[in-house]
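Chains as they are written, first to last, in the numbering used here: chain A, 5 to 157; chain B, 5 to 157.
First comes the structure, then the notes that go with it.
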DNA sequence: TATAGTCCCATTGACGCCCATATAATCCCA
DNA sequence: TGGGATTATATGGGCGTCAATGGGACTATA
């Protein structure tokens, strides 16, 4: 199973269109999908994307009671509500709806970031900053681990 | 199987008509349905909708003879009693009956919210508020999950 | 005849589809 | 190995179609 790997920065044109990186398209084409499903990430100022199959799989996991739930899975419902199916145009682009542009503070460029089974779309400068912070945190954790080992060992 | 995904806000005109979003119509057309089945949601101030096929599936699950005192049965009958079949007009619109307008506090605009196998129709501002609450709940759940993992791990 | 419901047609504005170009990557053959 | 040819990708722009919406005509019912 191919997965979403790497970071690619592409341009957003006046119509809100952006090319999905060819390697990402290849992942989706392998599943016979001709578009992506996107939704605002719950964890940061970015858009999360995946194949529509992944969303359908989420639907399957919901109880099939004809009697209206009990909204037991708030996250799933939030995702359904805020997700959009974005089909490719002839050139492999998608159109980012206004809500998404706003949510991720996207204007002229968007960075596609592979996350394995999913990917994210970031404002390139926000991404850089977020990654710097992640690096700091990782280094701090590593340092803490070394200290802990020193004590116990 | 396609499912109802995304949120779309459309206008309600003086005749109580509202366009069903094209993506939702596509889901129904795939089942050869030319209308929707709607009923007041039991869980909130909104209208719930689905294909007529789903209502028929509900009928199948009901026992021939209502079992006195069984909640499920009472709920199902409530839904049947208040459900309406709303056919599309030539432009893909439905007419919202007065009871539904009242139940969901609908006036000038209605928000169609995809829920996977079903969808809901909300007053847009009520929806925003309900989603904010749902978001809070989702974040709390998520936090609880993280804590639990920390302990066990 | 009034009122409500249904059907049909018109408008407009957005979106999908298509084609065109440029840059980059790959391949092929000398 | 180098140069040219071919393909693929990323991007720009135009045009036609369809979706969303407004409004009028027709029918049925009381």
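Cβ atoms here follow ideal geometry from the backbone N, Cα and C, with glycine treated the same way.
Whole-angstrom distance between residue j and residue i, CA atom to CA atom
{"i": "residue 84(B)", "j": "residue 61(B)", "result": "12 Å"}
{"i": "residue 6(B)", "j": "residue 31(B)", "result": "6 Å"}
{"i": "residue 55(A)", "j": "residue 151(A)", "result": "43 Å"}
{"i": "residue 149(A)", "j": "residue 117(A)", "result": "28 Å"}
{"i": "residue 92(B)", "j": "residue 38(B)", "result": "6 Å"}
{"i": "residue 28(B)", "j": "residue 156(B)", "result": "43 Å"}
{"i": "residue 144(B)", "j": "residue 67(A)", "result": "22 Å"}
{"i": "residue 147(B)", "j": "residue 58(A)", "result": "24 Å"}
{"i": "residue 137(A)", "j": "residue 24(A)", "result": "26 Å"}
{"i": "residue 103(B)", "j": "residue 132(A)", "result": "52 Å"}
{"i": "residue 101(B)", "j": "residue 128(B)", "result": "18 Å"}
Buried versus exposed call for residue i [16 or more other C-beta atoms within 10 Å across all chains shown]
{"i": "residue 10(A)", "result": "exposed"}
{"i": "residue 95(A)", "result": "exposed"}
{"i": "residue 65(B)", "result": "exposed"}
{"i": "residue 47(A)", "result": "exposed"}
{"i": "residue 26(A)", "result": "exposed"}
{"i": "residue 121(A)", "result": "exposed"}
{"i": "residue 106(B)", "result": "exposed"}
{"i": "residue 63(B)", "result": "exposed"}
{"i": "residue 97(A)", "result": "buried"}
Beta-carbon proximity of residue i to residue j, cut-off 8 Å
{"i": "residue 125(B)", "j": "residue 79(B)", "result": "no"}
{"i": "residue 112(A)", "j": "residue 22(A)", "result": "no"}
{"i": "residue 86(A)", "j": "residue 44(A)", "result": "yes"}
{"i": "residue 82(A)", "j": "residue 134(B)", "result": "no"}
{"i": "residue 14(A)", "j": "residue 114(A)", "result": "yes"}
{"i": "residue 99(B)", "j": "residue 154(B)", "result": "no"}
{"i": "residue 34(B)", "j": "residue 89(B)", "result": "no"}
{"i": "residue 109(A)", "j": "residue 77(A)", "result": "no"}
{"i": "residue 119(A)", "j": "residue 8(A)", "result": "yes"}
{"i": "residue 53(B)", "j": "residue 123(B)", "result": "yes"}
**Report entry** Proximal residues, the region 115-132 of chain B versus chain A, C-beta separation under 7 Å
**Finding:** Under the 7 Å Cβ criterion, the region 115-132 of chain B contributes 117, 118, 119, 120, 121.
Requested in this report: Return the residues of the region 38-58 of chain B that lie within a Cβ-Cβ distance of less than 8 Å from chain A, sorted by chain order.
Outcome: Taking 8 Å as the cut-off between beta carbons, the residues of the region 38-58 of chain B near chain A are 45, 46, 47, 52, 58, in sequence order.
Report task. Taking only beta carbons into account, state which residues of the region 138-153 of chain B come closer than 8 Å to chain A, listed in chain order. Result -> Here the close residues are 138, 139, 141, 142, 143, 145, 146.
Query raised in the report: Between the region 80-110 of chain B and chain A, which residues of the former have a C-beta closer than 8 Å to a C-beta of the latter?
Result: Look at the region 80-110 of chain B: the residues with a C-beta under 8 Å from a C-beta of chain A are 80, 83.
Query raised in the report: For the region 46-123 of chain A, which segments carrying the alpha helix (DSSP H) assignment without a break, of at least 4 residues, lie completely within its bounds, in sequence order?
Result: Under the rule that a run must span 4 or more residues, the alpha helix (DSSP H) segments found entirely inside the region 46-123 of chain A read 56-65, 78-86, 102-107.
Query raised in the report: Going along the chain, which residues of the region 6-20 of chain B sit with their C-beta nearer than 7 Å to a C-beta in chain A?
Result: Correct list: 7, 9, 10, 11.
Report task. Anything in the region 21-34 of chain B with a Cβ closer than 8 Å to a Cβ of chain A? List those residues in chain order, please. Result -> When C-beta distances to chain A are compared with 8 Å, the residues of the region 21-34 of chain B below that value are 27, in chain order.
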